[in-house]
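Student:
This is the structure in structure tokens:
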């Protein structure tokens, strides 16, 4: 029998993008992915063009839905999107309330409001920069961790 894995990390990762962080009460919805490039796990999700559709293309605060929940049942196909991305036409699990792991940009403070960078602020991605013309408010999502650099963080909406 072939050896599948012969080395192991010293530490188990605390989480990964899109992982539901704990057992707190949460609300989850599903929508159909409209993006040809797919929607990555843990990414912000916006209302799509079609009924019950969704996209990772940054929209406005009014059409922000939530964050993509990781789904290990998504099949990675040859020539398709990566294993941690919902492919086009897949049913995307979206957390609208609860606690979820995301990849946050830069240093962030526990309790700070989560914003999504757009336009000139797009490089800020998910962060705690004050909402303005280039940073869209997420309607109650806050950081549940303090981070010192870009990396994993829990965000919550309770």
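Numbering (the numbering used here), first residue to last: 212 to 369. Idealized CB from N, CA, C, for every residue including glycine.
1. Please classify residue 249: does DSSP put it in a helix, a strand, or coil?
2. Three or more C-beta pairs under 8 Å: does that hold for the region 298 to 311 against the region 327 to 346?
3. Once the 5 residues before and after residue 290 are set aside, which same chain residues still bring their CB inside 6 Å of it?
4. Measure from the alpha carbon of residue 272 to the alpha carbon of each residue in 362, 312, 365 and 344, then state which is nearest.
5. Say whether the region 280 to 300 touches the region 242 to 252, bearing in mind that this needs 3 or more beta-carbon pairs closer than 8 Å, one atom from each stretch.
6. Three or more C-beta pairs under 8 Å: does that hold for the region 347 to 360 against the region 220 to 231?
7. Residue 325 and residue 361 - do their beta-carbons sit closer together than 8 Å?
8. Over what stretch of residues does the beta strand (DSSP E) that includes residue 280 continue unbroken?
Tutor: Judging by the given coordinates:
1. Taking the chain shown and counting its residues from 1, one reaches residue 249 at position 38. In this structure, residue 249 counts as coil in the three-state DSSP scheme.
2. Contact annotation: the region 298 to 311 does not touch the region 327 to 346, with fewer than three C-beta pairs closer than 8 Å.
3. Translated into positions along the chain shown, residue 290 becomes position 79. The same chain holds no residue with a CB closer than 6 Å to that of residue 290 once the five nearest residues on each side in sequence are set aside.
4. Stepping through the chain shown from its first residue, residue 272 is reached at position 61. The closest CA to that of residue 272, considering only 362, 312, 365 and 344, is found on 344.
5. In short, these stretches touch, since the Cβ pair count reaches three.
6. With the cut-off at 8 Å, the region 347 to 360 and the region 220 to 231 do not touch.
7. The count along the chain shown starts at 1 and reaches residue 361 at position 150. The count along the chain shown starts at 1 and reaches residue 325 at position 114. Going by C-beta atoms, residue 361 is not nearer than 8 Å to residue 325.
8. Numbered from its first residue, the chain shown carries residue 280 at position 69. Unbroken run through residue 280: none, as it is neither H nor E.
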